[in-house]
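What follows is a single structure, written as structure tokens, with notes after it.
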Amino acid sequence: MDLRPVIDVPLVRRLVAAQFPQWASLEVRPVAFGGWDNRTFHLGDALVVRMPSAAGYAASVDKEQRWLPVLAPRLPLAVPVPVGRGVPAFGYPFGWSVNPWIPGETAREAEIADRCAFAVDLADFLLALRAVDATGGPAAGAHSFYRGAPLTWYDDETRGALGRHGDAVDARIWDAALAARWDGPPVWFHGDVADGNLIVREGRLSAVIDFGTSGVGDPACDVTIAWTSFSGAARAAFRGRLAVDDAMWARARGWTLWKALITLDDDDQAAAAWARRVRREVRAEWLTGHEQP
Numbered sequence: 450m451d452l453r454p455v456i457d458v459p460l461v462r463r464l465v466a467a468q469f470p471q472w473a474s475l476e477v478r479p480v481a482f483g484g485w486d487n488r489t490f491h492l493g494d495a496l497v498v499r500m501p502s503a504a505g506y507a508a509s510v511d512k513e514q515r516w517l518p519v520l521a522p523r524l525p526l527a528v529p530v531p532v533g534r535g536v537p538a539f540g541y542p543f544g545w546s547v548n549p550w551i552p553g554e555t556a557r558e559a560e561i562a563d564r565c566a567f568a569v570d571l572a573d574f575l576l577a578l579r580a581v582d583a584t585g586g587p588a589a590g591a592h593s594f595y596r597g598a599p600l601t602w603y604d605d606e607t608r609g610a611l612g613r614h615g616d617a618v619d620a621r622i623w624d625a626a627l628a629a630r631w632d633g634p635p636v637w638f639h640g641d642v643a644d645g646n647l648i649v650r651e652g653r654l655s656a657v658i659d660f661g662t663s664g665v666g667d668p669a670c671d672v673t674i675a676w677t678s679f680s681g682a683a684r685a686a687f688r689g690r691l692a693v694d695d696a697m698w699a700r701a702r703g704w705t706l707w708k709a710l711i712t713l714d715d716d717d718q719a720a721a722a723w724a725r726r727v728r729r730e731v732r733a734e735w736l737t738g739h740e741q742p
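Residues 450 to 742 in the numbering used here are what the sequence shown spells out, letter by letter.
Below, the structure written as structure tokens:
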């Protein structure tokens, strides 16, 4: 397990003062809802400091610094293009970024006016992302935690989780996902399309953040939100706008099941409850088109 450095307000103040003196007078405070991979702090009202929390996430800094300026002009929603690049210092061992603060609430907390419109807006963003020239982009599996790579990367882990939590339905869903291989050209994917990375303003999707697991490969990993956040008409609208074929849908369902099964072991009760809900969604959708167990 990666050792995690202590990241707090005094450290951020020291780093900013030493490396970006033009911002040294700005207030530093933690964001209200932080993530696991990175620790994020407000720097005044218009900026944030984003710091990898462990060595396994450190490579995302180089990726975002290199590629977000390329992707941003080609996307229909705001993304956090870095405005500063920090280096290790004061005992903090990783590179870090200063990004613009994108106002709004995450889809986890926000009230969404129309979930079908939200699903379509997200699909349009993902279509635009896939359309960006992938030449030279970070290959799936290179600092993307194997997002966008073949699901076989997760087979051993999933089989173990199936042994602890699964049944015949779960096993068939996973087998079908493995059989539905990706044979298209590699395209850009985000890698973590989740409510916490989708920013909402006035009830509409306005921005997408956290490209730390992005890369080029199979975009099925970006379709998992069909089960984690959407249902009914919104799920159908999302799939229709993306024109997801049966094979990609099967792989995306597999991605979602993998995440739910491994999260069932989480000591965090809220995370485990999320996993149970998502697993139910995956199974129910599967069973509408397949024989009963």
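In this text, a Cβ means the ideal position worked out from N, Cα and C, and glycines have one as well. This structure is a prediction, so every number in the text was calculated from the model and none was measured.
| Asked | Found |
| --- | --- |
| Cβ pair Ala-559, Val-618 closer than 8 Å | no |
| Cβ contact (3+ pairs, closer than 8 Å) linking the segment 657-671 and the segment 680-689 | no |
| Close Cβ partners of Asn-487 (< 8 Å) along its chain, the five nearest in sequence each way excluded | Arg-499, Met-500, Pro-501, Ser-502, Tyr-506, Ser-509, Asp-659, Gly-661 |
| Simplified DSSP assignment, three categories, for Arg-621 | helix |
| Stretch pair the segment 669-682 + the segment 693-704: three plus CB contacts closer than 8 Å | yes |
| Pro-479 (DSSP reduced to helix, strand or coil) | strand |
| Contact set for Val-731: own chain, Cβ-Cβ below 8 Å, skip 5 residues either direction | Ile-622, Trp-676, Arg-702, Thr-705, Leu-706, Ala-709 |
| Beta-bridge pairing of Ala-588 - partner residues as DSSP gives them | Val-665 |
| Residue environment, Leu-647, which counts as buried when at least 16 other CB atoms sit within 10 Å | buried |
| Cα-Cα separation between Val-461 and Asp-616, rounded to whole angstroms | 47 Å |
| Pro-742 - DSSP class collapsed to helix/strand/coil | Confidence in Pro-742 is poor, its pLDDT being 45 and thus under 50, which makes the residue's placement unreliable; the coordinate value appears in the next sentence. Of the three classes helix, strand and coil, the one that applies to Pro-742 here is coil, per DSSP. |
| Backbone CA spacing between Leu-736 and Val-532 [nearest angstrom] | 48 Å |
| Beta-bridge pairing of Leu-654 - partner residues as DSSP gives them | Val-649 |
| Cβ pair Gly-535, Trp-550 closer than 8 Å | no |
| Buried or exposed by the 16-neighbour rule on C-beta atoms within 10 Å, applied to Arg-478 | exposed |
| Limits of the unbroken alpha helix (DSSP H) element including Trp-753 | No answer is possible for residue 753: the residues shown for the chain start at 450 and end at 742. |
| Contacting residues, own chain, Cβ-Cβ under 6 Å from Leu-627 (five flanking each side not counted) | Leu-600 |
| Per-residue DSSP class, three states only, for Trp-550 | coil |
| Rounded straight-line distance, which links the Cα of Leu-464 to that of Pro-537 | 9 Å |
| Alpha-carbon spacing of Arg-515 relative to Ala-521, whole angstroms | 11 Å |
| Rounded Cβ spacing between Leu-526 and Leu-691 (contact assumed at less than 8 Å) | Rounded, the Cβ-Cβ distance is 15 Å, inconsistent with contact. |
| Whole-angstrom distance between Ala-504 and Phe-543, CA atom to CA atom | 7 Å |
| Backbone CA spacing between Val-727 and Ala-466 [nearest angstrom] | 44 Å |
| Sequence-distant residues of its chain with Cβ nearer than 6 Å to Gln-468 (five each side left out) | Gly-535 |
| Among Pro-529, Asp-714, Val-480, Trp-602, nearest to His-614 - alpha-carbon criterion | Asp-714 |
| 4-residue-minimum alpha helix (DSSP H) runs that sit fully inside the segment 497-581, ordered along the chain | 508-520, 564-580 |
| Bridge partner(s) assigned by DSSP for Thr-489 | Arg-499 |
| Reduced DSSP category for Val-636 - H, G, I as helix; E, B as strand; rest coil | strand |
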